[in-house]
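Quick note, the numbering used here runs 1488 ahead of the 1-based positions in the sequence shown.
Ideal Cβ positions, reconstructed from N, Cα and C, are used throughout, including at glycine.
Just so it is clear, the structure is predicted and the values come from calculations on it, not from any experiment.
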Amino acid sequence: MSAREQALWTRARLGRCGPPLDLLTARFDRHVYAPHAHDEFTIGVCVGGSELIDYRGGHIRTGPGSIVVLAPGEMHTGGPGNTTDGYAYRALYAAPTLLTDGSLDAATPHFREPLLDDPELAAALLAAHSELSACPDPLETESRVPWLLTALACRHSTARVTTCVIPGAEAVARAVRDRLADELLSPPSLADLAADLGLSRYQLLRAFRTTMGVPPYAWLAQYRVGRARTLLESGRRPSEVAALVGFADQAHLTRWFRRVLGVTPAAYRNSVQDAGR
1489 MSAREQALWT RARLGRCGPP LDLLTARFDR HVYAPHAHDE FTIGVCVGGS
1539 ELIDYRGGHI RTGPGSIVVL APGEMHTGGP GNTTDGYAYR ALYAAPTLLT
1589 DGSLDAATPH FREPLLDDPE LAAALLAAHS ELSACPDPLE TESRVPWLLT
1639 ALACRHSTAR VTTCVIPGAE AVARAVRDRL ADELLSPPSL ADLAADLGLS
1689 RYQLLRAFRT TMGVPPYAWL AQYRVGRART LLESGRRPSE VAALVGFADQ
1739 AHLTRWFRRV LGVTPAAYRN SVQDAGR
């Protein structure tokens, strides 16, 4: 492919030992896909140009910000929507169960319209896709993707949303928080935690977010940053600290450290040591 014809696949996991989730970032000028189908839902967001997709006997023309949802097993093609702009998009390939976590229906949701206009959801999907492609943390993937896909199904498909009130939400959130803190190096999957508590994963996420104000992965990241501060203050190097508190690598630690404290771990370590001297 030329520099402007690129496709990058990333594989994330839904929980430490959970099923895979494939993410695609693509930019094409002239490439035309042969007719094909996927076993999963294809959920894409156009980020540039325009793509023309043949689907269900008709044509879909995307534009920047539009969401496309293609059902499992449905044949489709894709190619440039015009001769000048090419097309660019981000897509994820989701098992149908990921769209039914927060639904009252066990059946696969049906999307009457494959092309959706929902700027808020498109922005959230793009943000999650971008961050998970850069650092496919299993707990972050499991916290963000089912939540967003449940929102997609409940807003735009035939799925019926489950109740938003989770009985005993505070107790559920505390139990999940304590397990994550105790097992920060190898956190359990949310699916396993939910099963232990007799809940669906969506119910667990709802209870945790309602009580703690953030999803589980964000709470654990902030808890790890707190632990990292103590180790940095004792003189440990950031590369050591990242592994000791459960971050994937130093870059992962740095990303969250800057989010929470506004500085890099190295800058923080130097400043507290300077103050001590």
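query = When you compare each of Tyr1581, Gly1574 and Asp1527 to Trp1497 by their alpha carbons, which one comes out closest?
reply = Counted from its first residue, the sequence shown places residue 1497 at position 9. Among Tyr1581, Gly1574 and Asp1527, the Cα nearest to that of Trp1497 belongs to Tyr1581.
message = Going by DSSP in three states, Tyr1756 sits in which element: helix, strand or coil?
response = Indexing the sequence shown from 1 puts residue 1756 at position 268. Helix at Tyr1756.
Cα-Cα separation between Tyr1539 and Tyr1575, rounded to whole angstroms = Here residue 1539 is taken as the residue at index 51 of the sequence shown, counted from 1. Here residue 1575 is taken as the residue at index 87 of the sequence shown, counted from 1. Residue 1539 is actually Glu in this sequence, not Tyr. One C-alpha to the other measures close to 5 Å.
message = Spatial neighbours of Ala1500 within its chain, please: C-beta separation below 6 Å, excluding the five flanking residues on both sides.
response = Residue 1500 sits at position 12 when you count from the first residue of the sequence shown. Closer than 6 Å at Cβ, skipping near neighbours: Leu1509, Leu1620, Pro1624 and Thr1629.
ask   = Which stretch, first to last residue, makes up the alpha helix (DSSP H) that contains Phe1745?
value = By one-based count along the sequence shown, residue 1745 stands at place 257. Per DSSP, Phe1745 belongs to the alpha helix (DSSP H) from Gln1738 to Leu1749.
ask   = What separation, rounded to the nearest whole angstrom, lies between the Cα atoms of Ser1591 and Val1660?
value = In the sequence shown, the residue the question calls residue 1591 occupies position 103. In the sequence shown, the residue the question calls residue 1660 occupies position 172. Computed Cα separation, rounded: 20 Å.
Selected residue, minimal CA-CA separation from Gly1545, among Leu1685, Gly1551, Val1653 and Met1563 = Taking the sequence shown and counting its residues from 1, the one referred to as residue 1545 is at position 57. Answer by Cα proximity: Met1563.
key: Close Cβ partners of Asp1527 (< 6 Å) along its chain, the five nearest in sequence each way excluded   = Counting from 1 along the sequence shown, the entry for residue 1527 is found at position 39. Excluding positions up to five away in sequence, the list reads Pro1560.
query = Do Pro1607 and Gly1553 have their C-beta atoms closer together than 7 Å?
reply = In the sequence shown, the residue the question calls residue 1607 occupies position 119. In the sequence shown, the residue the question calls residue 1553 occupies position 65. Yes, the pair counts as a contact, with Cβ atoms nearer than the cut-off.
key: As assigned by DSSP and simplified to three states, the class of Leu1540   = Walking along the sequence shown from the start, residue 1540 turns up at place 52. Leu1540: strand per DSSP, three-state reduction.
query = Helix, strand or coil for Arg1643 per DSSP?
reply = In the sequence shown, counting from the first residue as 1, residue 1643 sits at position 155. Looking at Arg1643 - three-state DSSP - the assignment turns out to be helix.
task = Find out if the Cβ-Cβ distance for the pair Gly1551, Tyr1521 is shorter than 7 Å.
result = Position 63 of the sequence shown holds residue 1551. Position 33 of the sequence shown holds residue 1521. No. Outside cutoff.
Presumed contact (8 Å Cβ cut-off) between Leu1673 and Gly1734, rounded CB distance = Indexing the sequence shown from 1 puts residue 1673 at position 185. Indexing the sequence shown from 1 puts residue 1734 at position 246. Yes, Leu1673 and Gly1734 are in contact; Cβ-Cβ is about 5 Å, under 8 Å.
key: Beta bridge counterpart(s) of Pro1508 as assigned by DSSP   = Your numbering for residue 1508 matches position 20 in the sequence shown. Answer by DSSP bridge pairing, in chain order: Arg1501.
ask   = Met1489: buried (16+ other C-beta within 10 angstroms of its C-beta) or exposed?
value = What you label residue 1489 is simply residue 1 of the sequence shown in a count that begins at 1. Caution applies to Met1489, whose pLDDT of 49 falls short of 50 and renders its modelled position unreliable; the value that the coordinates give is listed next. The residue in question, Met1489, is exposed, as its Cβ has fewer than 16 Cβ neighbours within 10 Å.
inquiry  = Please report the distance separating the alpha-carbon of Ala1709 from that of Arg1667.
reply    = Your numbering for residue 1709 matches position 221 in the sequence shown. Your numbering for residue 1667 matches position 179 in the sequence shown. About 14 Å.
query = Looking at the structure shown, is Val1733 part of a helix, part of a strand, or coil, going by DSSP?
reply = Here the question's residue 1733 lines up with position 245 in the sequence shown. If DSSP states are grouped into helix, strand and coil, Val1733 belongs with the helices.
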